[in-house]
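Visitor: Mind having a look at this structure? Questions to follow.
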Amino acid sequence: MAAVHMKTLFDELSGQFLECSICRNPFDENVHTPRYYPCAHTTCQQCMTHQFQQSSTYEREIRCPLCMREYLAPFPDVSYYKKNNILRDLKDFISTKKNEEFCDKCPNKFSDAYCKDCDSSLCRSCSETIHIGNNSNHNVIYGIKKQDLPIDACHECLAQSDIYCPTCKVFLCYSCRDVHHSDESIGTHEVLKVNENNVPALEIGDSFLQTICESRPNVS
0 MAAVHMKTLF DELSGQFLEC SICRNPFDEN VHTPRYYPCA HTTCQQCMTH
50 QFQQSSTYER EIRCPLCMRE YLAPFPDVSY YKKNNILRDL KDFISTKKNE
100 EFCDKCPNKF SDAYCKDCDS SLCRSCSETI HIGNNSNHNV IYGIKKQDLP
150 IDACHECLAQ SDIYCPTCKV FLCYSCRDVH HSDESIGTHE VLKVNENNVP
200 ALEIGDSFLQ TICESRPNVS
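The sequence shown begins at 0 in numbering that gives the first Met the number 0 and counts up one residue at a time.
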């Protein structure tokens, strides 16, 4: 719900402030660069050029299409009018934040960590609140997004895995196998390296396996 709320907010901000009010094209650094009129209103430079071209005294005046005020224009070149860098920076900020994950527990904060045991993306405050007492031993990884985890991430540390255990149906890296999946802790389980030579032996979906094998090099 938090992600949906924030995405809606970002979309509304983009529509309200990051599109030219005349042509409704998104501002960019090309033909739709946002530029100030003398009255401090902003349109894209393409629309500003049209205003110059429509003026009966092309080289002397320009009219703001938003407030309709007319100004002497000693320079009919749109590059003479300053860019609205505030809108440019706001667009860059929103573009970056729209791809961020949000905390699953509170509505308006970005996530800082992923908890494997909770299967939750959490901000630092929520993570510290939740992971006390019986939850203090949960596997919490800071600085990682759930959406960026490889589909065959190690079940224990979330790093890139090296092997797959068909019995437990989990992926593991070599280090975690030695600690959490040793013969002493679970008995003898056959583990397999993930590559096209053993795909038929892995007891998970064929399409899922095909995706894994196409997205990473073979383990030798």
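We treat Cβ as the ideally placed atom computed from N, Cα and C, and that holds for glycine. Please read all numbers here as calculations on a predicted model, not as lab measurements.
What is the DSSP secondary structure of T128, reduced to helix, strand or coil?
Guide: Three-state DSSP puts T128 in a helix.
Visitor: Just mark C153 as buried or exposed, buried being the case when its beta carbon has 16 or more other beta carbons within 10 Å.
Guide: It is buried - the Cβ of C153 has at least 16 other Cβ atoms within 10 Å.
Visitor: Would the stretch 127 to 146 and the stretch 111 to 119 be scored as touching if the rule is three or more Cβ pairs under 8 Å?
Guide: Touching, per the Cβ criterion.
Visitor: Cα separation between I131 and C125?
Guide: Rounded to the nearest angstrom, the two C-alpha atoms are 11 Å apart.
Visitor: Does the distance from the C-beta atom of K33 to that of K82 stay below 8 Å?
Guide: The residue asked about is misnamed: residue 33 is Pro in this sequence, not Lys. Yes, the pair counts as a contact, with Cβ atoms nearer than the cut-off.
Visitor: At the level of alpha carbons, what is the spacing between Y36 and Y80?
Guide: One C-alpha to the other measures close to 7 Å.
Visitor: So, at 6 Å on beta carbons, what are the nonlocal neighbours of E69 in its own chain, with the 5 sequence-adjacent residues on each side left out?
Guide: Hits under 6 Å: E60 and R62.
Visitor: List in chain order: all unbroken alpha helix (DSSP H) runs of 4+ residues lying wholly within the stretch 32 to 110.
Guide: As far as the stretch 32 to 110 is concerned, its whole alpha helix (DSSP H) runs of at least 4 residues are 44 to 53 and 84 to 96.
Visitor: Suppose the cutoff is 7 Å on Cβ atoms and the five residues either side in sequence are ignored; what does the same chain contact list for L12 look like?
Guide: Around L12: I93.
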